[in-house]
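J.: Here my numbering is used: position 125 in the sequence shown is 242, and no number is missing along the way. The beta carbon of each residue, even a glycine, is placed where N, CA and C say it ideally should be. As the structure is a prediction and not an experimental result, all values here were calculated from the model.
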Amino acid sequence: MRRREFGKTSLGLLGAGLLADRSEAEGAEGAGSVAAIDFPKTPGLTQYVGQFVLQTKFENIPAEVIALGKKSILDGFGLALAGSRAESGPISRKYIEQCGGNGKATVIGTAMKTSPRFAALLNGISIHADDFDDTQLAAAKDRVYGLLMHPTVPVLPAIFALAEQRAVSGKEWLLAYQLGAEVECKIAEAISPRHYQDGFHTTGTCGPFGSAAACSKLLGFDLKKTLNSFGLAASQSGGLRENFGTMTKPFQAGHAAESGLVSAEMAGLGWTAAEQILEAERGFFHAAGGSYDPSAIMNRLGQPWTFADPGVSLKPYPSGSLTHPAMTELARLIAANNIEAAQVEKVDVGANHNMTTTLLHHNPKTGLEAKFSMEFCIAILLLERKAGLAQFSDKVVQRPDVREMIRKINFYVDPEAESAGFDKMTSILKITLKNGKVITGQAAFGKGSPANPMSFDEASEKFRGCAEFAEWPQEKTEKIIAFVKTLEAAPNMSALTPLLSSGAAG
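1. With C-beta atoms as the reference, is residue 296 less than 8 Å away from residue 473?
2. How would you write the range of the alpha helix (DSSP H) that residue 404 sits in, first residue to last?
3. Tell me, please, whether the CB atom of residue 347 is closer than 8 Å to any CB atom in chain C?
4. Less than 8 Å between the C-beta atoms of residue 470 and residue 535, yes or no?
5. Figure out for me which residue from 312, 155 and 324 has the closest Cα to the Cα of residue 273.
6. Taking the straight line between their C-alpha atoms, what separation do you get for residue 234 and residue 224?
7. So, with DSSP's three-state summary, where would you put residue 499?
8. My understanding is that residue 405 touches residue 322, with C-beta atoms under 8 Å, so please give their C-beta distance in whole angstroms.
9. Leaving out five residues on either side along the sequence, give the residues of the same chain with a beta carbon under 6 Å from the beta carbon of residue 355.
10. Out of 485, 170, 165 and 400, which one is the CA nearest neighbour of residue 362?
11. On a Cα-Cα basis, can you pick out the residue from 398, 350, 466 and 575 that is closest to residue 376?
12. Which one of 213, 598 and 476 has the shortest CA to CA distance from residue 359?
13. Would residue 468 and residue 544 be called neighbours here (beta carbons separated by less than 8 Å)?
14. Use the C-beta contact count for residue 480: other C-beta atoms within 10 angstroms, 16 or more gives buried, fewer gives exposed.
15. Within a Cβ cutoff of 8 Å, which residues of the same chain sit near residue 561, ignoring the five residues on either side of it in sequence?
16. May I ask you to report which of helix, strand or coil DSSP gives residue 434?
17. With a threshold of 16 other CB atoms inside 10 Å of the CB of residue 239, please say whether the residue is buried or exposed.
18. Which value, in whole angstroms, describes the spacing of the CA atoms of residue 303 and residue 317?
19. Tell whether a beta-carbon distance below 8 Å holds between residue 216 and residue 279.
20. Would the beta-carbon of residue 232 fall within 8 Å of that of residue 220?
21. Could you tell me whether the Cβ atoms of residue 523 and residue 496 are closer together than 8 Å?
22. How far does the alpha helix (DSSP H) with residue 471 in it reach, from first residue to last?
23. Using the rule of at least 16 other Cβ atoms within 10 Å of the residue's Cβ for burial, across every protein chain shown, is residue 282 buried or exposed?
24. So, are the CB atoms of residue 566 and residue 227 less than 8 Å apart?
25. Does DSSP put residue 572 in a helix, a strand or coil?
26. Given a cut-off of 8 Å on the beta-carbon distance, is the pair residue 192 and residue 576 in contact?
27. Got a sec? Which residues, its chain only, sit under 7 Å from residue 149 by beta carbon, not counting five neighbours each side?
28. Within 8 Å, do at least three Cβ pairs link the region 436-451 to the region 373-391?
29. In this structure, does DSSP put residue 253 in helix, strand or coil?
30. Helix, strand or coil, according to DSSP, for residue 544 in the structure here?
31. Could you tell me if residue 417 is buried or exposed, where buried requires 16 or more neighbouring beta carbons within 10 angstroms of its beta carbon?
32. Considering only the beta carbon of each residue, do residue 250 and residue 432 sit closer than 8 Å?
33. Cutting at 8 Å between CB atoms, please list the residues of its own chain near residue 419, excluding the five before and the five after it.
34. Please go through the same chain and pick out, in chain order, the residues whose beta-carbon is closer than 8 Å to the beta-carbon of residue 612, but skip the five residues on each side of it.
35. Can you tell me whether residue 246 is helix, strand or coil according to DSSP?
36. Count the other C-beta atoms from every protein chain shown that fall within 10 angstroms of the C-beta of residue 145, then say buried if there are 16 or more, exposed otherwise.
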């Protein structure tokens with residue numbers, strides 16, 4: 118893996134502090150000269166990204182990448198169904214109804230119709246509501262796994278809404294999806310690690326670019342309109358990690374989908390924006406990250422495709438992806454050793470410091486907080502030998518036996534896990550039983566990762582579980598699976614609409 122080099126402005130808030138210390142008398146011109154010393158120069162970067170979106174054809178995408186993408190697409194539709202039943206679903210839909218959002222775009226899992234932008238927002242919120250959606254892997258050791266992109270949620274809702282308004286073939290839709298995912302993932306990989314470490318939620322900040330790229334392709338934009346879409350999307354970028362474990366985390370993902378769609382529709386009407394928004398000294402990379410690695414994105418789009426290398430993970434559990442290696446390994450150890458909850462004295466779980474700070478709810482009180490609690494995830498697997506959508510509820514989290522088991526879990530920073538690199542989720546387990554027996558295990562990736570991938574059939578089983586949770590008709594469920602499996606052959610994406618909408622108000 119290549120070593121990343123960043124200017125001084127990538128060192129936390131140091132660059133910002135240096136600029137802030139300058140007197141007002143020096144003005145913006147003086148501040149700009151400091152930035153110019155350290156900030157990478159990559160003229161034409163945004164134009165390169167736009168040309169990639171404009172020129173890439175379906176035939177340019179490897180069959181392997183198309184197949185991998187279809188698993189994530191099926192996953193996204195399933196999560197939209199399940200997430201429509203989350204507590205955030207009725208609240209967000211009520212808000213849009215109050216806004217008077219009329220239109221013909223489908224809110225998945227309901228009978229509600231609204232404008233494309235609001236459908237993208239609501240379906241994005243649903244996909245991310247349970248924190249069960251796909252996750253981009255990191256390609257370099259200084260990139261934090263799990264803090265990059267959830268690739269599908271900013272893109273799928275936006276182009277699903279657009280496709281309902283016009284005739285779009287499965288090939289055209291798949292091409293737009295892959296381009297959106299590729300652009301946002303490469304942007305997330307390129308920006309300085311400071312972006313994540315200082316608190317930005319990358320799905321909310323980089324996701325609008327993916328949505329804008331996909332929508333621009335689907336709308337047949339020329340280069341200028343595509344660049345204007347990027348410029349407007351950048352100004353709507355936002356999302357903070359402090360909101361993890363609340364309804365605002367999925368809002369940030371849904372807003373990313375909405376923002377890219379709005380940007381493309383506005384650009385289509387003639388709206389203008391900066392056409393060098395990524396590389397400019399007052400643009401996205403500098404403002405949001407302080408610096409970036411040009412070699413991670415310039416001449417790298419589709420070289421290789423992110424879905425192929427380093428890959429995208431499908432989640433086996435509805436919790437933060439950083440919990441999954443430990444959960445996958447614990448499930449294996451429980452089965453191999455027939456561990457019963459009553460036998461457990463304590464469990465030590467070692468990880469790197471980015472994992473312990475991201476999984477920040479060490480004593481969760483709600484189902485949403487539990488999704489970012491290693492302690493709960495380990496505890497519930499020990500108690501129930503499963504951790505599905507039904508387990509991540511306020512009622513389960515507050516059960517006395519769950520509270521007692523959480524107190525037995527020690528989640529700590531382990532030197533071995535720290536030295537393994539942040540691009541991995543190295544998790545070291547030590548289970549001490551009351552009889553003195555010690556059982557150990559270790560994993561760097563969970564089920565569903567490229568190292569231990571789900572097949573399409575396994576992804577279909579996950580989809581069926583999500584559909585069942587949403588009480589979705591079995592006939593529709595099977596038709597959706599069959600449609601996505603042969604998506605590139607579909608003459609019109611509109612066939613999906615009745616399969617994903619209900620006959621009762623949502």
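T.: Reading it off the structure:
1. In this structure, residue 296 sits away from residue 473, with a CB-CB distance that is not shorter than 8 Å.
2. Secondary structure note for residue 404: its alpha helix (DSSP H) is the uninterrupted segment 401-406.
3. Protein chain content of the structure displayed is limited to a single chain, and chain C is not contained in it.
4. Yes.
5. The residue with the shortest Cα to Cα distance from residue 273 is 324.
6. Between the alpha carbons of residue 234 and residue 224 lies a distance of about 11 Å.
7. In the displayed model, residue 499 falls within a helix according to three-state DSSP.
8. Residue 405 to residue 322, Cβ: 6 Å. Contact.
9. Contacts found: 321.
10. When the alpha-carbon of residue 362 is set against those of 485, 170, 165 and 400, the nearest one is in 485.
11. Closest option to residue 376, Cα to Cα, is 350.
12. Checking every option, the nearest Cα to that of residue 359 belongs to 476.
13. Yes, these two residues count as a Cβ contact at 8 Å.
14. Burial call: exposed.
15. Only 442, 537, 541, 542, 543, 544 and 568 meet the Cβ criterion.
16. In this structure, DSSP gives residue 434 a state outside helix and strand, which the three-state scheme calls coil.
17. Taking every protein chain shown into account, the CB of residue 239 has 16 or more other CB atoms within 10 angstroms, so this residue is buried.
18. Residue 303 and residue 317: Cα-Cα distance of roughly 16 Å.
19. Contact flag unset, no.
20. Yes, these two residues count as a Cβ contact at 8 Å.
21. One thing to note: residue 523 has its Cβ within 8 Å of the Cβ of residue 496.
22. Residue 471 -> alpha helix (DSSP H) spans 470-475.
23. Result: exposed.
24. The answer is no: Cβ separation not under 8 Å.
25. Of the three classes helix, strand and coil, the one that applies to residue 572 here is coil, per DSSP.
26. Cβ atoms of residue 192 and residue 576: closer than 8 Å.
27. Any answer about residue 149 is weak, because its pLDDT of 39 lies below 50 and its placement is not dependable; what the coordinates show is given next. For residue 149, where only same-chain residues beyond five positions count, the Cβ hits under 7 Å are 398.
28. Between the region 373-391 and the region 436-451, the count of C-beta pairs closer than 8 Å stays below three; the two stretches do not touch.
29. Strand.
30. In the structure shown, residue 544 adopts extended strand secondary structure according to DSSP, grouped into three states.
31. Residue 417 should be labelled buried.
32. In contact: residue 250 and residue 432 (Cβ atoms closer than 8 Å).
33. Close CB contacts of residue 419 within its chain, under the 8 Å cut and outside five residues either way in sequence, are with 169, 173, 177, 178 and 299 (chain order).
34. Within the same chain, and ignoring the five residues on either side of residue 612 in sequence, the residues whose Cβ sits closer than 8 Å to its Cβ are 600.
35. In the three-state reduction of the DSSP assignment, residue 246 falls in the helix class, which pools H, G and I.
36. Reliability of the predicted coordinates at residue 145 is poor, the pLDDT of 38 falling under 50, and the value obtained from them is presented with this limitation in mind. Exposed, by the Cβ-count rule.
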